[in-house]
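Here the working numbering is used: the first residue of the sequence shown is 249, the next is one more, and so on.
Here a beta-carbon is modelled for each residue, glycine too, at the ideal position from N, C-alpha and C.
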Amino acid sequence: MILMQLNQLEKRFGAELILSNIKLEVQTNDRIAIVGRNGAGKSTLLKMMAGEMSYDSGEIFSPKETTIGYLAQNTGLQSDESIWNEMEKVFAHLKDLEKELRSMEADMANPELIADQKRYQQLLADYDRKQEAFKMAGGYQYEADIKSVLNGLNFHDFDWSTSITTLSGGQKTRLALGKLLLTKPDVLILDEPTNHLDIDTLAWLENYLQGYDGAVVIVSHDRYFLDKIVNTVYEVAFQSSKRFTGNYSDYLKRKEADYDIEMKHFEKQQKEIEKMEDFIAKNIVRATTSKRAQSRRKQLEKLDRLEKPKDDNQSAKFSFQVAKKSGNDVLRLNDYAFRYHDSKSYLFDNLRLDLNRGDSVALVGPNGVGKTTLLKTIMGQLEASKGTKMVGTNVEIGYYDQEQTNLNPKKTVLQELWDDYPMKNEKDIRTVLGNFLFSGEDVLKPVSALSGGEKARLSLAKLMMQQANFLVLDEPTNHLDLDSKEVLEAALVDYPGTILFVSHDRYFINKIATQVVEMLPEQTRVFLGDYDYYAEKKQEEYELQQIEEAERIANEPESAEAKAKNSFQQDKEAKREERKRNRRISEIEERIEELEAKLEENDDLLCDPEVYQDHERSLELTESNEKMNQELEALMEEWESLHEE
Numbered sequence: 249m250i251l252m253q254l255n256q257l258e259k260r261f262g263a264e265l266i267l268s269n270i271k272l273e274v275q276t277n278d279r280i281a282i283v284g285r286n287g288a289g290k291s292t293l294l295k296m297m298a299g300e301m302s303y304d305s306g307e308i309f310s311p312k313e314t315t316i317g318y319l320a321q322n323t324g325l326q327s328d329e330s331i332w333n334e335m336e337k338v339f340a341h342l343k344d345l346e347k348e349l350r351s352m353e354a355d356m357a358n359p360e361l362i363a364d365q366k367r368y369q370q371l372l373a374d375y376d377r378k379q380e381a382f383k384m385a386g387g388y389q390y391e392a393d394i395k396s397v398l399n400g401l402n403f404h405d406f407d408w409s410t411s412i413t414t415l416s417g418g419q420k421t422r423l424a425l426g427k428l429l430l431t432k433p434d435v436l437i438l439d440e441p442t443n444h445l446d447i448d449t450l451a452w453l454e455n456y457l458q459g460y461d462g463a464v465v466i467v468s469h470d471r472y473f474l475d476k477i478v479n480t481v482y483e484v485a486f487q488s489s490k491r492f493t494g495n496y497s498d499y500l501k502r503k504e505a506d507y508d509i510e511m512k513h514f515e516k517q518q519k520e521i522e523k524m525e526d527f528i529a530k531n532i533v534r535a536t537t538s539k540r541a542q543s544r545r546k547q548l549e550k551l552d553r554l555e556k557p558k559d560d561n562q563s564a565k566f567s568f569q570v571a572k573k574s575g576n577d578v579l580r581l582n583d584y585a586f587r588y589h590d591s592k593s594y595l596f597d598n599l600r601l602d603l604n605r606g607d608s609v610a611l612v613g614p615n616g617v618g619k620t621t622l623l624k625t626i627m628g629q630l631e632a633s634k635g636t637k638m639v640g641t642n643v644e645i646g647y648y649d650q651e652q653t654n655l656n657p658k659k660t661v662l663q664e665l666w667d668d669y670p671m672k673n674e675k676d677i678r679t680v681l682g683n684f685l686f687s688g689e690d691v692l693k694p695v696s697a698l699s700g701g702e703k704a705r706l707s708l709a710k711l712m713m714q715q716a717n718f719l720v721l722d723e724p725t726n727h728l729d730l731d732s733k734e735v736l737e738a739a740l741v742d743y744p745g746t747i748l749f750v751s752h753d754r755y756f757i758n759k760i761a762t763q764v765v766e767m768l769p770e771q772t773r774v775f776l777g778d779y780d781y782y783a784e785k786k787q788e789e790y791e792l793q794q795i796e797e798a799e800r801i802a803n804e805p806e807s808a809e810a811k812a813k814n815s816f817q818q819d820k821e822a823k824r825e826e827r828k829r830n831r832r833i834s835e836i837e838e839r840i841e842e843l844e845a846k847l848e849e850n851d852d853l854l855c856d857p858e859v860y861q862d863h864e865r866s867l868e869l870t871e872s873n874e875k876m877n878q879e880l881e882a883l884m885e886e887w888e889s890l891h892e893e
């Protein structure tokens with residue numbers, strides 16, 4: 249079923265054309281990625297699909313009953329409610345229906361109403377209808393759904409009565425995502441949903457979206473995430489859209505193959521045109537060949553000329569070099585710990601880290617465990633509370649700060665880099681900036697006017713110029729588009745020094761890391777491999793824990809609290825089953841009365857001479873009696889069985 253269709257959509261901001269000739273179709277259970285360079289108009293397209301922004305021409309078709317949910321980039325949930333109460337708002341209609349059911353159950357126990365069988369039967373029928381509607385709408389599981397989403401989005405350690413106003417921006421963004429997931433719209437539109445999610449939460453979201461009962465449309469720079477989720481890719485480039493089947497990796501292969509084919513066709517036609525033009529030029533003035541030349545000229549004029557395939561693969565070009573080689577021992581941290589002055593507990597403790605020359609170590613762990621803080625202690629921006637730090641011989645550190653605090657917003661792009669290297673001439677500085685896609689007037693932009701991606705590229709340019717032999721990188725892929733990420737990966741793979749980095753980009757970790765260090769509040773664990781190896785080992789540990797926990801529970805005597813809880817649930821279930829049995833007994837007794845009355849009526853007719861002499865009529869009544877007797881016998885057996893229960 250088609251849930252949404254976009255035809256010839258066009259959008260302008262003033263005189264500037266942003267999107268044109270956009271065609272897109274969303275069907276039930278589609279998993280669609282919208283990809284393209286930063287500034288291509290991906291977020292604008294999502295806003296138009298969600299009805300958050302108008303468009304200048306074209307049309308968007310969607311059936312009236314189709315529900316659409318939209319999450320913009322970095323959208324924080326604004327509410328004065330507690331975490332739980334805000335999530336429960338999604339199910340307000342179910343809570344109202346639940347109150348009605350409880351009220352009806354109270355009425356069922358009213359002796360006066362029971363005595364009025366007609367009203368009582370009507371109440372039972374209404375109750376059954378509403379209870380079935382409640383069940384089908386998820387009334388018995390919505391609380392479990394809320395718990396599942398909150399736990400999945402890393403709120404399992406929170407008091408869910410906490411007011412949302414006290415949470416951080418990232419936590420509010422995760423709650424906004426959670427609330428949207430609970431609404432379960434037919435079309436779920438997500439703009440960079442992986443922002444502010446740690447690796448465990450990303451894995452949970454992937455599993456959730458894979459099983460989502462509806463269509464999903466995503467903009468994301470997380471290639472691992474896209475490969476896991478999507479089955480269709482729409483590329484937005486040069487203001488228009490193009491559809492590719494498969495995940496993100498399939499799209500890259502097909503895009504390259506399509507470009508090569510289009511370029512071969514273009515080049516072949518150009519050679520043919522060149523031959524024809526050469527023939528015309530040589531033969532147009534000759535009397536003997538003039539007619540043939542004129543014929544070729546007409547062919548050339550009628551020729552449907554192919555346009556040269558467009559390529560938006562303008563990517564930054566850079567590599568990281570080292571000015572001098574470090575010693576073999578690069579960094580040693582032992583019994584390392586940190587806590588803020590106003591805190592009694594350590595943010596992290598008992599941390600151990602050993603880095604040798606050439607290592608490429610990914611630092612992973614849940615949000616809030618102190619990964620960025622650790623990097624700042626290594627850089628000397630913060631002081632560790634205890635433990636030892638040893639930096640090796642000839643080690644020169646280059647630091648990439650995800651907050652871009654090393655950039656001066658008052659300077660221009662050119663000044664920001666040139667002021668650090670005043671002995672270099674302007675041409676060389678401009679060449680470096682050109683390699684990072686700052687060309688022409690771009691270098692005169694103030695840093696304050698740059699986008700997140702532009703600031704990231706400028707910081708990488710400064711880092712490259714340092715020629716440090718030890719790179720400490722905090723979320724280096726944030727704000728970079730997919731092409732820039734690939735260039736950064738290639739540069740770091742060839743880097744001859746040592747790398748310690750924090751990243752939530754699992755594809756990036758797989759490409760760069762030779763080790764994964766898992767950072768937990770009270771320890772660090774080393775995994776000698778890439779992210780896939782780390783994930784495999786963690787899954788093995790999880791499965792082993794589940795087996796051990798199941799065995800422990802099976803061998804452990806049930807606690808008094810658990811017994812009481814189980815007893816209450818069993819009692820509640822027993823009462824519900826008793827009400828159902830009583831209703832069924834009443835229904836059976838009514839049906840038995842109807843059948844017995846009908847049998848008696850048929851027997852009287854069979855005694856009528858006019859009827860029993862009519863063989864067809866007589867046979868019809870006899871067969872009807874046989875069927876009713878069979879039904880009567882089955883009902884009596886069920887009636888006896890229910891009474892025994």
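- Message: Alpha carbons only, please: which of Leu428, Glu555, Gly262 is nearest the one belonging to Gln517?
- Response: One-based indexing of the sequence shown puts residue 517 at position 269. It is Glu555.
- Item | Proximal residues to Ser409 (C-beta, below 7 Å), its chain only, five neighbours per side dropped | Your numbering for residue 409 matches position 161 in the sequence shown. Around Ser409: Ser330, Trp332.
- When the distance is taken between beta carbons, is Gly635 closer than 8 Å to Tyr584? As a first step, residue 584 is located in the sequence shown; it is residue number 336 there, counting from the start. As a first step, residue 635 is located in the sequence shown; it is residue number 387 there, counting from the start. Contact: yes.
- Report the option in Ile280, Arg839, Glu892, Val691 whose CA atom is closest to the CA atom of Glu674. For the purposes of this step, residue 674 is identified with residue 426 of the sequence shown, where counting begins at 1. Minimum Cα distance to Glu674 is reached at Val691.
- Whole-angstrom distance between Asp597 and Glu770, CA atom to CA atom: The residue you call residue 770 lines up with position 522 of the sequence shown. The residue you call residue 597 lines up with position 349 of the sequence shown. Looking at the two C-alpha atoms, the distance is approximately 5 Å.
- Message: For Asn277, which residues in the same chain have their Cβ closer than 7 Å to its Cβ, ignoring the five residues on either side in sequence?
- Response: The residue labelled residue 277 in the question sits at position 29 within the sequence shown. Answer for Asn277: Ala463, listed in chain order.
- Query: To which residues does DSSP link Gly646 through a beta bridge?
  - Reply: As a position in the sequence shown, residue 646 is number 398, starting the count at 1. Its beta-bridge partners are Leu719.
- Item | Whole runs of the alpha helix (DSSP H) within the region 345-399, excluding any shorter than 4 residues | 359-363, 365-384
- Query: Since Gln771 sits in a beta bridge, which residues does DSSP pair it with?
  - Reply: Here residue 771 is taken as the residue at index 523 of the sequence shown, counted from 1. Answer is Leu768, bridged to Gln771.
- Query: Does the beta carbon of Met876 come closer than 8 Å to any beta carbon on chain D?
  - Reply: In the structure shown, chain D cannot be found, because there is only a single protein chain.
- Message: Which residue marks the beginning of the alpha helix (DSSP H) containing Met297, and which one marks its end?
- Response: The residue given as residue 297 occupies position 49 in the sequence shown. Looking at the DSSP string, the run of the alpha helix (DSSP H) that includes Met297 is 290-297.
- Message: Distance check for Gly287 and His752, CA to CA, integer angstroms please.
- Response: For this step, residue 752 is matched to residue 504 along the sequence shown. For this step, residue 287 is matched to residue 39 along the sequence shown. Approximately 23 Å between the Cα atoms of the pair.
- Task: Find out if the Cβ-Cβ distance for the pair Leu401, Leu425 is shorter than 8 Å.
- Result: Along the sequence shown, one-based indexing puts residue 401 at 153. Along the sequence shown, one-based indexing puts residue 425 at 177. Contact flag set, yes.
- Message: Between Lys624 and Val661, how many whole angstroms is the CB-CB distance? I'm expecting something under 8 Å.
- Response: Numbered from its first residue, the sequence shown carries residue 624 at position 376. Numbered from its first residue, the sequence shown carries residue 661 at position 413. About 26 Å; that fails the 8 Å criterion.
- Message: For the pair the region 475-493 and the region 645-657, tell me if three or more CB-CB distances fall below 8 Å.
- Response: no
- Helix, strand or coil: which one does DSSP assign to Tyr499? The count along the sequence shown starts at 1 and reaches residue 499 at position 251. Looking at Tyr499 - three-state DSSP - the assignment turns out to be helix.
- Query: Is Arg260 helix, strand or coil by DSSP?
  - Reply: The residue labelled residue 260 in the question sits at position 12 within the sequence shown. Per DSSP, reduced to three states, the secondary structure at Arg260 is strand.
- Query: For the region 412-444, which segments carrying the alpha helix (DSSP H) assignment without a break, of at least 4 residues, lie completely within its bounds, in sequence order?
  - Reply: 417-431
- Message: Using CA atoms only, rank isn't needed, just tell me which of Arg800, Glu796, Thr292 is closest to Leu319.
- Response: Within the sequence shown, numbered from 1, the residue matching residue 319 stands at position 71. Out of Arg800, Glu796, Thr292, the CA that lies nearest to the CA of Leu319 is found in Thr292.
- So, using beta-carbon positions, are Asp607 and Arg285 closer together than 8 Å? Here residue 607 is taken as the residue at index 359 of the sequence shown, counted from 1. Here residue 285 is taken as the residue at index 37 of the sequence shown, counted from 1. No, the pair does not count as a contact, with Cβ atoms beyond the cut-off.
- Could you tell me the distance, in whole angstroms, from the CA atom of Lys786 to the CA atom of Ala704? As a position in the sequence shown, residue 786 is number 538, starting the count at 1. As a position in the sequence shown, residue 704 is number 456, starting the count at 1. When rounded, the distance between both Cα atoms is 32 Å.
- Query: Is the number of C-beta pairs between the region 442-462 and the region 388-401 that are closer than 8 Å three or more?
  - Reply: The region 442-462 is in contact with the region 388-401.
- Message: Under DSSP, the alpha helix (DSSP H) around Lys546 begins and ends at which residues?
- Response: Within the sequence shown, residue 546 is the residue found at index 298, counting from 1. From DSSP, the alpha helix (DSSP H) with Lys546 extends over 538-550.
- Item | Cβ-based burial, Lys512 [other Cβ within 10 Å; buried from 16] | For the purposes of this step, residue 512 is taken as the residue at position 264 of the sequence shown. By the 16-neighbour rule on beta-carbons within 10 angstroms, Lys512 is exposed.
- Whose C-beta lies closer than 6 Å to the C-beta of Gln714 among residues of the same chain, with five residues either side of it excluded? As a first step, residue 714 must be located in the sequence shown, where it is residue number 466. The answer, listed in chain order, is Gly646.
- Measure the beta-carbon distance from Met335 to Ile394 and round it to whole angstroms, keeping in mind my assumption that it falls under 8 Å. Along the sequence shown, read from residue 1 onward, the residue named residue 335 stands at position 87. Along the sequence shown, read from residue 1 onward, the residue named residue 394 stands at position 146. Confirmed, about 5 Å.
- Item | Host beta strand (DSSP E) of Val465 (start-end) | One-based indexing of the sequence shown puts residue 465 at position 217. That run of the beta strand (DSSP E) goes 463-467.
- Quick one: residues in its chain with C-beta nearer than 6 Å to the C-beta of Ala571, no 5 flanking neighbours on either side, listed in chain order? The residue labelled residue 571 in the question sits at position 323 within the sequence shown. Gln715.
- Quick one: grab the DSSP three-state call for Asn726. On the sequence shown, residue 726 is found 478 positions in, with the first residue counted as 1. Correct three-state label for Asn726: coil.
- Task: Within 10 angstroms of the Cβ of Asn758, are there 16 or more other Cβ atoms? Answer buried if so, exposed if not.
- Result: Residue mapping note: residue 758 aligns to position 510 of the sequence shown, counting from 1. Buried, because 16 or more other Cβ atoms sit within 10 Å of the Cβ of Asn758.
- Determine the direct distance from the alpha carbon of Tyr594 to that of Glu791, and round the result to whole angstroms. Within the sequence shown, numbered from 1, the residue matching residue 791 stands at position 543. Within the sequence shown, numbered from 1, the residue matching residue 594 stands at position 346. Each residue's alpha carbon lies about 30 Å from the other.
- Query: How long is the line joining the alpha carbons of Ile412 and Lys432, rounded to whole angstroms?
  - Reply: Your numbering for residue 412 matches position 164 in the sequence shown. Your numbering for residue 432 matches position 184 in the sequence shown. Those two C-alpha atoms are separated by around 22 Å.
- Task: For Gln275, collect the residues of the same chain with a Cβ closer than 8 Å to its Cβ; drop the 5 residues on either side in sequence, then sort them by chain order.
- Result: As a working note, residue 275 is residue 27 in the sequence shown. Contacts found: Met249, Ile250, Leu251, Ala463.
- Under 6 Å Cβ to Cβ from Leu257, same chain only, skipping five residues before and after it: list those, please. If you number the sequence shown from 1, residue 257 lands on position 9. Sequence-distant Cβ neighbours of Leu257 in its own chain, meaning closer than 6 Å and more than five residues away, are Ile270, Tyr303, Gly306.
- Message: Can you give me the C-alpha to C-alpha distance between Leu867 and Glu842, rounded to a whole angstrom?
- Response: Here residue 867 is taken as the residue at index 619 of the sequence shown, counted from 1. Here residue 842 is taken as the residue at index 594 of the sequence shown, counted from 1. Approximately 21 Å between the Cα atoms of the pair.
- From His444, Leu428, Asp446, pick the residue whose C-alpha is nearest to that of Leu457; which is it? Position 209 of the sequence shown holds residue 457. That would be Leu428, whose Cα lies nearest to the Cα of Leu457.
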